[in-house]
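Going letter by letter, the sequence shown gives residues -19 to -1, 1 to 381 in mature numbering (1 follows the signal peptide of the UniProt record, and there is no 0).
Take a look at the structure set out below.
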Amino acid sequence: MKKILMFALLAIMATGAQAAKKKTAPKNNQPVFTVVKQNKITSIKDQNRSGTCWAYSTLSFLESEILKKTGKTYNLSEMFVAHKTYEDRAEKAIRMHGDVSFAQGGSTYDPIYCWQHYGMVPETAMPLPGTMTGDSLANFSEFFAVLTPYVEAIAKGKQKKLSPAWKNGLIGIIDAYLGKTPESFTYEGKTYTPKSFAASLGLDMNDYVHFTSYTHHPFWTQFAVEVQDNWRWPLSWNIPIDDICKIIDYAIDNGYTVAWGGDVSEDGFTRSGLGIAYDLKKARDLSGTDADRWVKMSNSSKKAKADSLGVNAPEVVPTQEMRQKAFDNWETTDDHGMHIFGIAKDQNGKEYYMVKNSWGESGKYKGIWYMTKAFVAYKTMDFMVNKNAVPANIRKKLNI
């Protein structure tokens, strides 16, 4: 009897263990990543309800640059950059009588320009605006509901001559929602101005170069990428599509990171933490869904079907022509800025870029996204790197 009870107990335990194993074992098509190379980054931040990905991603990139060069960790103020950028963008919109867009967005160049002309401050010198109203995160809904009509009223007004008072009103609104930019502050026992603090960080803003890849301008020349949030019109080097990943790979392999801007509106960019250049036609075939049913399905259902394929989801092979067509017909849009800092492989050996987002510790990977090289080659709008992170043959060709 004791033996029977013992065998029964062992059988129950074995069954339970097998059930637990089945429950916890990952599905074969769910990605399991192995890090190939990752470079140092600072902590994950949350832009919350603000269109400031450009500030978060670029300052994250610059924080990694400081960390690489000095070994010191800094938390730089996104709101200082936003304040100065919105002042400048409003002035440009008003000077152009409203014929330049005014919005929350920006580019990787805006923090560079801010650093060069106004300096920089740490987060402690100008905290997130929510702290003024009992919160800890940014929320620009009310802010821009007030600021945008103000700028438009001045820019498109009927008055023949502007008084200087409009700028006082502009600064007043921005100060009310973001806080005032400090003239001086104390950090780790020393007193700084924004410019002296920027100088103490050891970076040269002339070291940073921008790249893009489109055929409506000649390769190996510079042009300003024609999107609204690139309103300062900085120049990017135009390179062939194959050189996008060559430069990013070289940068990561040599200990550098990349400030990236691109399109995240596609089905292949998921909230769970993946960026895949889905070939939706092949995904439809693999999902067992016939064409008629596929056409009638909602976008969310199509995305769920494609997502269920995981690492086995088929990808398009991006070409220069595909990139150009998607830019020309507005399929590729200037959506989001993030920070590429590493390379990983899935269980099939496919390589992905490890990307720091600014949506807090969200998604399956706690604020980190994994984007395939096909996705990056296809959906990159532009990116910025340290010129020392560019392969020697390309540097020589561009004389940088």
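Every residue, glycine too, gets a C-beta built ideally from N, C-alpha and C.
These numbers come from a predicted model, not from an experiment.
Buried or exposed by the 16-neighbour rule on C-beta atoms within 10 Å, applied to residue i
i      : result
T352   : First, the residue type needs correcting, since residue 352 is Met and not Thr in the sequence shown. Burial call: buried.
T202   : exposed
H197   : exposed
N329   : exposed
H317   : buried
E207   : exposed
V127   : exposed
T5     : The predicted model places T5 with a pLDDT of 42, which falls under 50 and marks its position as unreliable, so this point remains unresolved.
H64    : buried
A77    : The sequence as given places Met at residue 77; Ala does not occur at that position. M77 is exposed by the Cβ-count criterion.
I381   : exposed
R252   : exposed
T23    : buried
M(-19) : In this prediction, M(-19) has a pLDDT of 40, which is less than 50 and means its spatial position is unreliable; nothing more can be read from the coordinates.
S38    : buried
A1     : Note on A1: pLDDT 45, under 50, position unreliable in the model; the coordinate value appears next. Result: exposed.
E247   : buried
F364   : buried
D188   : exposed
S194   : buried
P7     : Any answer about P7 is weak, because its pLDDT of 48 lies below 50 and its placement is not dependable; what the coordinates show is given next. Classification of P7: exposed, given that the 10 Å Cβ count is below 16.
W311   : exposed
T28    : Residue identity differs from the one stated: residue 28 is Gln in this sequence, not Thr. That one is buried.
A36    : buried
A134   : exposed
E123   : exposed
G323   : buried
D160   : According to the sequence displayed, residue 160 carries Gly and not Asp. Result: buried.
D210   : buried
S45    : buried
D80    : exposed
A258   : buried
G291   : buried
A240   : buried
D234   : exposed
Residue i and residue j closer than 8 angstroms at C-beta
i           : j    : result
W218        : F192 : yes
Y237        : A370 : yes
S58         : P92  : no
A119        : A74  : no
Q19         : M335 : yes
F121        : R30  : yes
G242        : F356 : no
K337        : G254 : no
A358        : P299 : yes
S215        : S88  : Here residue 215 turns out to be Pro, not Ser, going by the sequence shown. Yes, the pair counts as a contact, with Cβ atoms nearer than the cut-off.
M362        : D223 : no
I321        : I229 : yes
S339        : C34  : yes
F190        : V62  : Note that residue 190 corresponds to Val in the displayed sequence, not to Phe. Against a cut-off of 8 angstroms, the Cβ pair of V62 and V190 comes out as no contact.
residue 382 : G52  : Any property of residue 382 remains undetermined from this structure, which presents the chain solely from -19 to 381.
L184        : L43  : yes
V132        : E332 : no
L40         : K21  : no
Y168        : T105 : yes
T172        : S165 : yes
K354        : T313 : no
L151        : E68  : yes
E342        : I25  : yes
T174        : M107 : no
For residue i: DSSP bridge partner residues
i           : result
D363        : G242
L182        : DSSP output for L182 lists no bridge partner at all.
D210        : DSSP lists no partner for D210.
A232        : DSSP lists no partner for A232.
Y259        : E296
W218        : F192, Q203
V326        : Note that residue 326 is Lys in the sequence shown here, rather than Val. In the DSSP output, where bridge partners are listed per residue, K326 has T15, E332.
L118        : The partner list for L118 (beta bridge, DSSP) is empty, contrary to what the question assumes.
W340        : D27
K171        : Y168
residue 382 : Not covered by the structure: residue 382. The range shown for the chain is -19 to 381.
F250        : G256
I321        : V239, V336
L57         : P103
Short CB-CB distance (under 8 angstroms) between residue i and chain B
i    : result
G236 : Reference to chain B is not applicable here, since this structure consists of a single protein chain.
ask   = Counting pairs of beta carbons, one from the segment 9 to 17 and one from the segment 320 to 335, are three or more of them closer than 8 angstroms?
value = Yes, since at least three Cβ pairs between the segment 9 to 17 and the segment 320 to 335 fall closer than 8 angstroms, the two stretches touch.
key: Whole alpha helix (DSSP H) elements within the segment 80 to 160, 4-residue minimum   = If we require 4 residues or more, the alpha helix (DSSP H) runs fully inside the segment 80 to 160 come out as 90 to 98, 122 to 136, 146 to 159.
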